[in-house]
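To keep things clear, I will list the structure first and then write my remarks on it.
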Amino acid sequence: MNKTAVWIIAKKEYRDALKNVLFIVLLAFLLFLTAVSLSVAGFDFQSQVGQYHNALAQLQALSQTGAVLEKPQYFPLQMLRGTIEYLEIIGAIIGLILGYVSIAKEKGNNTLQLLLTRPVSRWSFIMGKILGNSLLLLSMLGLIIIFIVVAITGIGQVMFTHLELVKLLLAFGFSYIYLLFFYCLATVLALVFRNLPNALIFGFVIWLLIVLIIPQIGDTMDPDNQIPGGFFNHMHMTTAQQRGVIAQFKTYETLRNVLEESSIEKHYERLTFAVLGIKNIYNDKGLSLIFQDKWGDLTWIGSYSLAGILLVYVAFNNKHILEKSA
Amino acid sequence: MTTKKLIIQTKFLNHLYKNHQALIDLNLEVFEGDIFGFLGHNGAGKTTTINILTTLMPPSSGTAMVAGFDTVTQSMQVRRNIGYLPENVTFYNNLTAWENLHYFARLSGVKNTEQRIAEVLDFLEFRGFENKKLGEFSKGMRQRIGIAQAIIHEPKILFLDEPTSGLDPLGIKNLREIIIRLNKEKHLTIFMNTHLLSEVAKTCTSIGVLNHGKLIYKDTLDNTLRRFPTEVSLEQIYVQMEENGRPTLNNNNQ
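Following this line, the structure appears as structure tokens:
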């Protein structure tokens, strides 16, 4: 691999994307949504605190202590639920756009032939493109992290613990792996499709399936999601009892699980929600305990992205690549 | 009598697309210092031949040697020795001419890029435009940048695919002059796909004619004009060859 060439291509990819109006608009939109989700989470917590103080005041007025009341606890990472959900959807679109543009500009300008007749291996080209766009995705995620940290510590006056910071960085590391999959997907489609707009449309169809439809079907099929707050919780059932009930619907549960497992988005959500403690059972838990439970999801998202990179390599090495760009 | 060195040689080159045989046993020889005009109708297989010679695609069978290297097994060495200007390249419109050239020069491993870009722009009489974005360029100006990127790394062979396509008469004349100067002053061998016979007659030193994937004629331009004394123009020679599908003639340019 020619490291100099990889770096030259990566730098150009990075600079090109910064001049891409669509990318800048989507990034600004994502930051705006992050701000909105943080504000909503902040107001929600403020309202919980307000309710607590009201209840406490009423109890004290009745000459009772507030011991029966559960104090609302503040976990700053739990405020990131909305941010993660927006990354799942808008972030994936950004990945798709970057992947598509990365190839479409070469095919559209007929510069692909020029690049492929330089003394640089195709693997170096792929790595250059992936590196440049990875740096871009990481910069974008870095910007969101800075935004979050500034918003929570600066405006909310709450400091993150070291563990929380590590969890935040890990969650965004996983976000990068998730977004890389969509970058690779769009790259492959743009390489394989003769008609570039069709590649983009097909990419969005897959995005729709993976990000919105399949997880939604899985969620809708989950018996526990049938009523707000959870069906089992509402029925005051223990975990053992829940398992007993689910065991009665083995085929149904297997089908639902297969559907959910087929979507990288679901694995990403499970993993990040666990790491950030958005899923209550993982809140304030150590990383080893979380990974013990979630290594499967990590393996899945890693495998998806690795498969994406391999597919880019295969598509780029296809000897008919230029016929398709004709 | 000096013997010219073979710089491009194909042996029984075949290329099969899904349902279409684009090249059939192509045996082609181009000598160092030639300006070789590769003629043929649309879909004759000219671009497929260039794609194979420039390592963009492997042949279905047969071999192709460029600058002494096999296009499949020694593709990197081939690429170091060739420059290529495909048909209808628009380059990166958001970059300036200098930025475009800098990018391709660095990818080609050019060491002193600044100096080399200046040299190439001087040679092409294109100084003063380097800081303009390519989006503002005419087709003729783009072709000059195309030539510039193709010779920036000082290759031995320059491949041009329909270089005059879309150019106005003045643009064609300017490009012709550049091609001849590159051949004479920089000693570049030039392999040019075209269907413009007038250009071949004014620019090339040897020609080959491809008809439905088969090389039906190959000789020097001078010999060609001598061989067909009854015809009044190169166009008529070409039409006659296309219609009759004449067998390959031996080249006599050594």
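Listed in order, the protein sequences are those of chains A and B.
So the first sequence is numbered by numbering that gives the first Met the number 0: it starts at 0 and just counts up by one.
So the second sequence is numbered by numbering that gives the first Met the number 0: it starts at 0 and just counts up by one.
Virtual Cβ for every residue (Gly too), placed ideally from N, Cα, C.
Just so we're clear, the structure is a prediction, and the values are computed from it rather than from any experiment.
- Interface criterion met: the Cβ of B:N87 is under 7 angstroms from a Cβ in chain A.
- Among the CB atoms of chain B, none fall inside 7 angstroms of the CB of A:N317.
- A:F248 counts as exposed, since fewer than 16 other C-beta atoms from the protein chains shown sit within 10 angstroms of its C-beta.
- According to DSSP, B:V29 shares a beta bridge with B:I7.
- A:A56 and A:L254 have their C-alpha atoms spaced approximately 51 angstroms apart.
- Looking at the DSSP output, B:D218 sits in a beta bridge with B:I206.
- B:F103 and B:I49 have their alpha carbons spaced roughly 20 angstroms apart.
- In this structure, the alpha-carbon of B:N26 lies about 24 angstroms from that of B:P154.
- Among the CB atoms of chain A, none fall inside 7 angstroms of the CB of B:Y216.
- In this structure the region 90-97 of chain B touches the region 136-151 of chain B; the number of beta carbon pairs closer than 8 angstroms is three or more.
- In the DSSP annotation of this structure, A:Y281 is not part of any beta strand (DSSP E), being labelled neither H nor E.
- Judged by DSSP in its simplified three-state form, B:Y91 adopts coil rather than helix or strand.
- Counting along the chain, no alpha helix (DSSP H) covers B:Y83; the unbroken beta strand (DSSP E) around it starts and ends at I81 to L84.
- Around the beta carbon of A:P196, fewer than 16 other beta carbons sit within 10 angstroms, so the residue counts as exposed.
- Beta-bridge partners assigned by DSSP to B:I189: B:I34 and B:L157.
- If you check the CB distance, B:L38 and B:L22 do not come in under 7 angstroms.
- Under the Cβ criterion of 7 angstroms, A:Q112 is counted among the residues facing chain B.
- Around A:K18, the beta-carbon contacts reaching into chain B at under 7 angstroms are N93.
- Annotation: Cβ neighbours of A:L115 in chain B (cutoff 8 angstroms, chain order): T54 and L55.
- Look at A:L207 here: in three-state DSSP terms it is helix.
- The shortest CA-to-CA distance from B:I215 to any of B:Q235, B:E242 and B:R225 is the one to B:E242.
- Listed in chain order, the positions of the region 10-37 of chain A with a beta carbon within less than 8 angstroms of a beta carbon of chain B are K11, D15 and K18.
- In its chain, beyond the 5 residues on either side, R115, I151 and H152 have a beta carbon closer than 7 angstroms to the beta carbon of B:V109.
- By the Cβ-count criterion, A:Y99 is buried, with 16 or more other Cβ atoms from all chains shown falling within 10 Å of its own Cβ.
- Taken atom to atom, the span from the alpha-carbon of B:A63 to that of B:D160 is near 18 angstroms.
- For A:N109, the residues of chain B that pass the 8 angstroms Cβ criterion are P85, E86, N87, V88 and T89, in the order they occur in the chain.
- Between B:M240 and B:V199, the C-beta gap is not smaller than 7 angstroms, which leaves the two residues out of contact.
- In the DSSP secondary-structure assignment, B:G39 is bridged to B:L209.
- Assignment of beta-bridge partners to B:T62 by DSSP yields B:K10.
- When Cβ-Cβ separations below 7 angstroms define contact, A:I93 makes no contact with chain B.
- Between B:S107 and A:R117, the C-beta spacing is below 7 angstroms.
- About 7 angstroms separates the beta carbons of A:F315 and A:F124, which is inside the 8 angstroms limit, making them a contact pair.
- Within 9 angstroms of the CB of B:L187, no CB atom of chain A is found; the nearest one sits about 15 angstroms away.
- Per DSSP, the continuous alpha helix (DSSP H) segment holding A:H266 begins and ends at I263 to V274.
- At least 7 angstroms separates the CB of B:M140 from every CB of chain A.
- Separation of B:N182 and B:K172 (C-alpha to C-alpha, rounded to the nearest whole angstrom) is 16 angstroms.
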